[in-house]
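What follows is one structure encoded as structure tokens, with my remarks underneath.
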Amino acid sequence: MKPFAVVRRRIPALALAALVLPFSLQAQTLSELQKLSPVERKAYWDSLSEEQREAKREELRAERDAMSEEERAAFREQMRAQRDSMSDEEREALRTERQARQEQQRAEWAKLSEEERRAKREEMRKRREEHRAEWEAMTEEERAEIRERRGGPKGPDSRK
Numbered sequence: 054m055k056p057f058a059v060v061r062r063r064i065p066a067l068a069l070a071a072l073v074l075p076f077s078l079q080a081q082t083l084s085e086l087q088k089l090s091p092v093e094r095k096a097y098w099d100s101l102s103e104e105q106r107e108a109k110r111e112e113l114r115a116e117r118d119a120m121s122e123e124e125r126a127a128f129r130e131q132m133r134a135q136r137d138s139m140s141d142e143e144r145e146a147l148r149t150e151r152q153a154r155q156e157q158q159r160a161e162w163a164k165l166s167e168e169e170r171r172a173k174r175e176e177m178r179k180r181r182e183e184h185r186a187e188w189e190a191m192t193e194e195e196r197a198e199i200r201e202r203r204g205g206p207k208g209p210d211s212r213k
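Using this note's numbering, you'd call the opening residue of the sequence shown number 54 and step up by one each time.
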């Protein structure tokens, strides 16, 4: 790939982000964020400081937790429809960005001291325990719904 090919692809995306940034900065609720295109959503999150992002994540998490099961199902369906309506080029661009973020996370992990890594591992362990407790608290029907949605195992005998 030519060195300037990446730049030429980025310029339209940056120009679009600059155009939609004023609108996207107004997004406050989960439903408003959900209505944004992936480019607008990325521009919105990029415009926030790390502290603002964390505060917004907590706010959105609380809003999501307050939703009824019907509202959550409708929200998931809207997100699925939005994802399904993306072009192959949009999917590829998002995949490339995700891979770049993952590479950046790996580089940041490599820079951490052993003590910082231990602390991060402990945080991850606690988060896994919380998720496991949530899973254990679910009914078998709720678990089956999640498995079905993820396209994973359909029952206890599927792992054999």
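We treat Cβ as the ideally placed atom computed from N, Cα and C, and that holds for glycine.
Should residue i and residue j be called a contact, given that it needs their Cβ atoms to be closer than 8 Å?
i	j	result
Leu101	Lys88	no
Glu111	Thr82	no
Glu143	Pro91	yes
If we ignore side chains and look at the alpha-carbon of each, how far apart do residue i and residue j end up?
i	j	result
Met139	Ala160	30 Å
Glu103	Asp141	31 Å
Met120	Arg114	10 Å
Arg171	Asp118	30 Å
Gly204	Glu198	10 Å
His184	Glu176	12 Å
For a test of the three-state rule: what should DSSP assign to residue i, helix, strand or coil?
i	result
Thr149	helix
Leu101	coil
Ser84	helix
Leu89	coil
Met132	helix
Ala197	helix
Just to confirm my understanding: we take residue i, look at its own chain, exclude 5 residues before and 5 after, and list those with CB closer than 8 Å. What are they?
i	result
Glu132	Correcting the residue type first, residue 132 is Met in the shown sequence and not Glu. Only Gln87 meet the Cβ criterion.
Comparing the C-beta of residue i with each C-beta of chain D, is any distance below 8 Å?
i	result
Arg196	Here there is only one protein chain, and chain D is not present.
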